[in-house]
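Below is one structure, written out as structure tokens; comments come after it.
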Ligand SMILES: [Zn+2]
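In my numbering, the protein residues as written are 2 to 444.
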């Protein structure tokens, strides 16, 4: 055991102290960002970034993150205590450290749930999942999908025309199976946008969803892991945000002009349904025997999603607070580490070793366009959780009346108004942090 532990520690140390020369680059990036914001008349980069976001003020973002951190803390403490007790019981680990986290988390997860995605895979036949998803979207939003006989770029691509009140309103293409020449991952892209041109002619929207699910073979149909089912729902959430847009102005119709910190709201909203028993049982049937997916497996799908959610939230709050505060001024040199240490006093339940230079590899904010924007993940997630519970009916899967409102206020208006304003117009209130806590079953 002695040996293993020192290897874990060594690896963790090497990994978390990598790229030391980035310290200098980070100073330069931060100074240039600060200079840019000031040239444009803003006090800081954070203030400049918020100009085009859904969040209005710096205090809104910080207040939101603090509320979220406070809400996640009690659960995170329980999760850590459970993990420490488990490490002590199984391997006699008394001084549980950060580098023990990954290993014991996985081991405990296995012991608690004894579940992995391959167990549900035979129950999610791609064609059935897609049909089920289209049925759900049809029922939720009063539309119909009819297979479209149109040219496509590959034989496995499926195209559907969308009708609202028997009137053609758009088209969607699904290219779901992995192929050798295809780019990896999953995404939705808009093709045409709904708008009315200067001659008064209405143009209809179209979009396509591309995934890399396991391909159909001679012996088996394309089968999805539950993760894939979630991905398909996620991308469909983006697609209907675009396809159900009714704005006349092209630049703010569908997903166009939607503030960057709320683009993931409609995708996460639909994704949440993919964990519900009432939804899964509509299409979860064994591809050979036709046997329905059991309640036990459906419960495990949800429980494993919620595993260590408190610790996950605290970690995201730490990253978000660090990123946002860092861009509120012009931090240089040791000030950056001091800032991070200060934030960790609230968010880190275990002491972070001094050699840890996490910030040197924080590519999201220094190389990936998320500067002063890392909070967006959770910002959009709160909206999606809150809207989800409004539209959820645990017996039938969803509340059709509420879903109508979601479509009319949130999906139809695209980027023509601020999302938070649309949200308040829909429900007469703001989205609440506690909905996210409920989504992870944290009380
Ligand atoms: Zn997305």
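Glycine included, every Cβ here is placed at the ideal spot set by N, Cα and C.
Closest Cα partner of residue 386 within the set 266, 323 and 241: 266
Beta-carbon contacts of residue 244 that lie in its chain and below 6 Å, excluding the five residues immediately before and after: 171, 206 and 208
Residue 249 in three-state terms, based on DSSP: coil
Nearest candidate by alpha-carbon position, reference residue 118, set 126, 12 and 302: 302
Proximity of residue 328 and residue 27 at Cβ, strictly below 9 Å: no
heavy atom of ligand 1 below 8 Å from residue 1 C-beta: Summary: the structure shown does not reach residue 1, with the chain confined to residues 2 through 444, and so no result is reported for it.
Length of the line joining the Cα atoms of residue 425 and residue 51: 20 Å
Cβ-Cβ separation, residue 100 to residue 88 (assumed contact under 8 Å), whole Å: Contact doesn't hold; Cβ gap of about 12 Å is too wide.
DSSP state of residue 114 mapped onto helix, strand, coil: helix
When 114, 121 and 241 are compared against residue 161, the one with the closest alpha-carbon: 241
Proximity test, residue 236 beta-carbon vs ligand 1 heavy atom, cut-off 8 Å: yes
Continuous beta strand (DSSP E) stretch holding residue 212: start and end: 206-214
Cβ-heavy atom distance, residue 239 to ligand 1, below 8 Å: yes
Spatial distance of residue 373 from residue 69 (CA atoms): 17 Å
Simplified DSSP assignment, three categories, for residue 408: helix
Sequence-distant residues of its chain with Cβ nearer than 7 Å to residue 49 (five each side left out): 38, 41 and 43
Heavy atom of ligand 1 within 8 Å of residue 264 beta-carbon: yes
Own chain partners of residue 1 with C-beta closer than 6 Å, once the 5 adjacent residues on each side are dropped: Any property of residue 1 remains undetermined from this structure, which presents the chain solely from 2 to 444.
Element boundaries [alpha helix (DSSP H), containing residue 189]: From DSSP, residue 189 is part of no alpha helix (DSSP H) but of the beta strand (DSSP E) over 188-193.
Chain-order list of residues whose beta-carbon lies under 7 Å from that of residue 141 (same chain, five-residue window excluded): 399, 401 and 404
Complete runs of the alpha helix (DSSP H) confined to the region 44-94 [at least 4 residues]: 46-51 and 59-92
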